[in-house]
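First up is the structure itself, then whatever we jot down about it.
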Amino acid sequence: MSACADCSIKRSGAIDPDDGCFYCHQCWAKHLIVTRGAGHWCTLCSVQVPAGVGAGLLHVKGSKHLKAAGPEMTLAEQIAAEEAAAASAQDVEAGDIGPAALAPDLINQLRGYFAPQAQNRAGVAADHPRTTLYGSVDSAPANLELVLLGHLIGGDDSSEVYLNVTDPFCLISVGVQGAGKSHTTNCVLETCLLPFAPLSRVRQPMSVLVCHYDQSEANCCEATGLGQPSHGVAGLLELAGSAVSAPCLGHDSLLVLCSPSFYLQRKEYYAGVCVVKPLLFRWGRLKAQQLKMLMKLDESSTQLYVALMLEMLRGYQRARKVPPYQQFMKELEALCSSQQAGPLRQRMQLLSAFIWEAECNESLRDVGADLSEVMAAGRMVVVDLTDPMMAPADANGVFQVLLESFRFKQVHGAGKLVVFDEAHRYMGMAGEGDALAREITDCARLMRHEGLRLMISTQSPKAMPEELLELVTLLVAHRFQSGDWHQYLAKKVPLPEDSFASIRGLSPGEALVYSARPHIASCPDAEVLPIKVRRRLTADRGASRTNHARRTNATAHSGTGVERPTSSGATPAESATSALSAERGVPALRERVRIEGFTVFTELNGRSGVVVSIDRDAGRCGVTLDDQDPISVSVRAERLVSYD
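For the sequence shown, this note's numbering gives the first residue as 90, with consecutive numbering after it.
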């Protein structure tokens, strides 16, 4: 070890490339870039740095700023950053102590350190293990961030189940349409992005990427519902007179990137809901491997032009440099004979469709965005590749590039979560040759090293590689009827023998959840738990479209002899239960109250009512029934304990 040129202490460090002096890691990179106001500034030299990368830079000697962690950051720089972070968390300075300098009492302390302990290596007591699912907040280590996933089926209100989101995880949610798989995915999304005391203990909202593909332009990505609060939660807070607003993602925290060729249509579709931009990759940021993904070049292909293109890309990789876009296209055109021009042109068109420098995207350059430019803590980027002209295989290739960019891009101080929504639409069709499936499996293997969390929702579990199921942290099985699906899952996940019958009998929103070593006091030995997933915190964009007809005569007699509707018509996601007593001749009935924003709709004897005023102190609200004069209805707000 050498002595640090700054603090004169002998310890590990690095040589600064600017002045050639040796500095210990603590002195070499001890100041981080922080956000100040609208821009990113260095706390040491007060130099403003680009907002897109500022949050991930380090200041080093010589007023130089290092890049964020990732493939572009050297191992020495990563070590320096880790050492600097450790030094700031625990201010411990140690000199150059050799074996001869160890005192006997210190030797005994070191022996005790390496001996088996009553606590695990994270310093957590044995009765507070570090795992994935917990039955209560108190049963988990204090430093973990827990989010409410749901409740045990058949348990009481206290039978809560919490998910540990501090540690990387791989969650797969399966089930038929309407069973609740996307609902589960979005519930986890909410709690990773929106700190809300009853549900989430997340201190730093994560950086989230959601991959969505559809060929129907009438459908949206359900995750965009995080941009609007749940009507039920908003109504409960309003009735209670709370100063806390219902949580949702702000305008700057939700961004939709779409296919450039379908940008105008998606912009119009999402207008007033969220910001939409065309996805355009900057040519200078793409690597040879990513070009291979975009052009769907398969190593096993026997086509001559494919072999020539792969060899050309390998040359770029050896040189660590890709030529300018126009030069690259000219080299491609000169590569093949006229007989191969047709299929080659198709590859070139697929590549050009998503390149910022391409001539076809000239009109979109001012509004286009690359994923690496918009990633940030607390922001959800939804890549919605809905496009009637885009094939599933094309979406598969684009998602490969996005996943590689996302997994290696460091967002300082925040975790990362990537979601593959309705994955059966673009995965599994190529069998073992599915490159995106291989990339996701590789992410699951390395997620702890990369700080990455994975969530996949799919109707068919057969779209998932068997190896990915072997690596799964959490399997959420909603209702399905296929015995083949169950056998496929049971080969890799230890499901109970009677689990298929249980899965077939699940109601919407219910699931059998597998997790290795869950810490649930009421089920100490169970690894598969029946869970009712909680209600939504934000708007539900995935509700089934049903046939609604207003009933005029379809009524039933209540026990009091008063005719009343058989159902309010409200779905479970829209309803909360309350006791109502009406005045001025309207019978007192126990009815549903449907909460829509700050308006309460009631149904009394088949007539709908709209709240026109709320008196919180008296616990009453003014209601207009069927265009008549307002009446006064008491609302027991304390009974409104459920929310969507």
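Note that CB positions come from ideal geometry on N, CA and C, so glycine has one too.
Between Met295 and Lys498, the C-beta spacing is not below 8 Å. Here DSSP, grouped into helix, strand and coil, assigns His608 to strand. In the DSSP assignment, Phe417 falls within the alpha helix (DSSP H) that extends over Tyr414 to Glu422.
In its chain, beyond the 5 residues on either side, Gly486 have a beta carbon closer than 6 Å to the beta carbon of Lys385. In this structure, the CA atom of Trp372 is about 33 Å from the CA atom of Ile104. Spanning the alpha carbons of Arg527 and Gly201 requires a straight line of approximately 44 Å. Of the residues assessed, Leu191 falls on the exposed side of the cut-off, its CB having fewer than 16 other CB atoms within 10 angstroms.
In this chain, the beta strand (DSSP E) harbouring Cys300 covers Ser296 to His301. Only exposed fits Glu559, as fewer than 16 other CB atoms lie within 10 angstroms of its CB. Annotation: the segment 265-342 contains the following complete segments of the beta strand (DSSP E) (minimum length 3 residues), in chain order: 296-301.
By the CB criterion at 8 Å, Tyr352 and Pro481 fall outside the cutoff. The residue from Ala628, Arg634, Asn636 and Lys356 with its alpha-carbon nearest to that of Gly316 is Ala628. Of the residues assessed, Phe203 falls on the exposed side of the cut-off, its CB having fewer than 16 other CB atoms within 10 angstroms. Counted as a single uninterrupted DSSP element, the beta strand (DSSP E) harbouring Pro367 occupies residues Val364 to Pro367. Within the segment 512-599, the complete beta strand (DSSP E) segments at least 3 residues long are 541-547 and 563-566, listed from N- to C-terminus. Using a Cβ distance threshold of 8 Å, Pro284 and Val277 do not count as a contacting pair. Taking the CA atoms as reference points, Val364 sits about 14 Å from Asp455.
Here the segment 569-589 does not lie against the segment 232-245, with fewer than 3 beta-carbon pairs under 8 Å apart.
Take the alpha-carbon of Glu462 and the one of Leu235: they are about 30 Å apart.
One thing to note: Pro607 has its Cβ no nearer than 8 Å to the Cβ of Leu595. Contact annotation: Thr273 and Ser262 have beta-carbon atoms nearer than 8 Å. Comparing alpha-carbon positions, the option among Cys281, Leu222 and Ala268 lying closest to Leu252 turns out to be Leu222. The segment 439-524 contains, as complete beta strand (DSSP E) runs of 3+ residues, the segments 469-473 and 505-509 (chain order).
One Cα belongs to Leu474, the other to Leu199, and the distance between them is close to 56 Å. Residue environment for Ala524: buried (at least 16 other C-beta atoms within 10 angstroms of its C-beta).
Take the alpha-carbon of Leu421 and the one of Ala430: they are about 10 Å apart. Here Ala94 has Cys110, Phe111 and Tyr112 as same chain residues with Cβ atoms under 7 Å from its own Cβ, once five neighbours each way along the sequence are excluded.
The C-alpha of Ile592 is placed about 20 Å away from the C-alpha of Asp614. Per DSSP, the beta-bridge partners of Thr627 are Pro318. In the DSSP secondary-structure assignment, Gly239 is bridged to Val250 and Val622. Of the residues assessed, Lys366 falls on the buried side of the cut-off, its CB having 16 or more other CB atoms within 10 angstroms. Going by DSSP, Phe111 is part of the beta strand (DSSP E) stretching over Phe111 to Cys113. Look at Val226 here: in three-state DSSP terms it is coil, with no helix or strand label. Around the CB of Gln548, 16 or more other CB atoms lie within 10 Å, so the residue is classed as buried. Cα atoms of His538 and Asp227: separation of roughly 28 Å, rounded to the nearest angstrom. When C-alpha distances from Glu555 are compared across Lys581, Ile545 and Leu563, the shortest belongs to Lys581.
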